[in-house]
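Chemist:
In the UniProt record's numbering, the protein residues as written are 1 to 212.
(1) So the candidates are 68, 19, 70 and 67; which of them puts its Cα closest to the Cα of residue 53?
(2) Using the Cα positions of residue 113 and residue 125, report the straight-line distance between them to the nearest angstrom.
(3) Once DSSP output is grouped into helix, strand and coil, what is the label at residue 113?
(4) Between the stretch 141-151 and the stretch 175-187, do at least 3 Cβ pairs fall closer than 8 Å?
(5) With residue 164 as the anchor, note down where its alpha helix (DSSP H) starts and where it stops.
(6) In chain order, what residues of the same chain lie with their CB nearer than 7 Å to the CB of residue 119, ignoring the 5 residues before and after it?
(7) On the three-state DSSP scale, how would you describe residue 76?
(8) Would the beta-carbon of residue 127 fall within 8 Å of that of residue 174?
(9) Rounding to the nearest angstrom, what Cα-Cα distance links residue 43 and residue 57 in this structure?
(10) Return helix, strand or coil for residue 123, following the three-state DSSP convention.
(11) Output needed for residue 137: all residues of its chain with C-beta closer than 7 Å, excluding positions within five of it in sequence on either side, in chain order.
(12) What is the rounded straight-line gap between the Cα of residue 34 and the Cα of residue 21?
(13) Thinking just about the alpha-carbon of each residue, which of 152, 159 and 164 is nearest to the one in residue 139?
(14) Would residue 116 pass as a contact of residue 85 if the rule is Cβ separation under 8 Å?
(15) Roughly how many whole angstroms lie between the Cα atoms of residue 70 and residue 23?
(16) Would you give the residue range spanned by the alpha helix (DSSP H) that residue 133 belongs to?
(17) Does DSSP classify residue 93 as helix, strand or coil?
(18) For a test of the three-state rule: what should DSSP assign to residue 187, helix, strand or coil?
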């Protein structure tokens, strides 16, 4: 590696990653470490077991591995080259893996079970916006198809408990709600029935033959 202080090398993320890998392999090897480091170790043969290396030998080995990888171009054109590593904010986020998966896979929306429960709760209001029963049938039929399709997916997660709707029954209920709205809007309000006149009397108390 390029000459520099030990602190600079320790702050190099590439070196820290390689050092961790070497230490991990040595730990899995389960061999006792040799505390007597040779004065002039061969850094390129790589024949000495990692578990028998001293701390200083491992450090030199990591430097050699990184230099060789850089010469092979393995660190060229990395996606985050020259950019800060995402997620290194200094705080622990328990949902870091889920958030990373959503970002990598470009996942949007919610689980089918949750989306269907939401659509089921809003279905009546959606149907009431339609003016023809043919559209009501189409919407309910599409809703039922999505419920059945979600049950067949078998992708894990919460079970689909949203029931399907009876198309004819939903059309009947839609007609009843529409008739009730029309009946309510056609009835005059009490204020309209007893609208006061300029003389202070209500219109229903004024004799029909008086026009003033």
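Just so it is clear, CB atoms sit at the ideal spot from N, CA and C, and this is done for glycine as well.
The structure presented is a predicted model; accordingly, all values stated were derived computationally and were not measured.
Modeler: The relevant details are as follows:
(1) As a first step, residue 53 is located in the chain shown; it is residue number 53 there, counting from the start. Selected option, being the one with the closest Cα: 19.
(2) For the purposes of this step, residue 113 is identified with residue 113 of the chain shown, where counting begins at 1. For the purposes of this step, residue 125 is identified with residue 125 of the chain shown, where counting begins at 1. Rounded to whole angstroms, residue 113 to residue 125 spans 20 Å at the Cα level.
(3) Here residue 113 corresponds to residue number 113 of the chain shown, with the count starting at 1. DSSP places residue 113 in helix when its eight states are reduced to three.
(4) no
(5) Your numbering for residue 164 matches position 164 in the chain shown. No alpha helix (DSSP H) contains residue 164, which DSSP labels as neither H nor E.
(6) Taking the first residue of the chain shown as 1, we reach residue 119 at position 119. Once the five neighbours on either side are set aside, the close Cβ partners of residue 119 are 143.
(7) Here residue 76 refers to the residue found at position 76 of the chain shown. Of the three classes helix, strand and coil, the one that applies to residue 76 here is coil, per DSSP.
(8) Working through the chain shown from its first residue, we reach residue 127 at position 127. Working through the chain shown from its first residue, we reach residue 174 at position 174. A contact, by the Cβ cut-off of 8 Å.
(9) The count along the chain shown starts at 1 and reaches residue 43 at position 43. The count along the chain shown starts at 1 and reaches residue 57 at position 57. For residue 43, the predicted structure reports a pLDDT of 44, less than 50, and the residue's modelled location is therefore unreliable. The matter cannot be settled from this model.
(10) On the chain shown, residue 123 is found 123 positions in, with the first residue counted as 1. Three-state result, residue 123: helix.
(11) In the chain shown, the residue the question calls residue 137 occupies position 137. The answer, listed in chain order, is 167 and 171.
(12) Translated into the one-based positions of the chain shown, residue 34 becomes position 34. Translated into the one-based positions of the chain shown, residue 21 becomes position 21. Interpretation of residue 34 is limited by its pLDDT of 43, a score under 50 that renders its predicted location unreliable; the figure taken from the coordinates is listed afterwards. For residue 34 and residue 21, the distance between alpha carbons rounds to 19 Å.
(13) Numbered from 1 along the chain shown, position 139 holds the residue referred to as residue 139. That would be 164, whose Cα lies nearest to the Cα of residue 139.
(14) As a first step, residue 116 is located in the chain shown; it is residue number 116 there, counting from the start. As a first step, residue 85 is located in the chain shown; it is residue number 85 there, counting from the start. For residue 116 and residue 85, no; Cβs fall outside 8 Å.
(15) Looking up residue 70 in the chain shown gives position 70. Looking up residue 23 in the chain shown gives position 23. Answer to the nearest angstrom: the Cα atoms are 21 Å apart.
(16) Position 133 of the chain shown, counted from the start, is the residue given in the question as residue 133. Segment 133-153, the alpha helix (DSSP H) holding residue 133.
(17) For the purposes of this step, residue 93 is taken as residue 93 along the chain shown, with counting starting at 1. Residue 93: coil per DSSP, three-state reduction.
(18) The residue labelled residue 187 in the question sits at position 187 within the chain shown. It is coil, neither helix nor strand.
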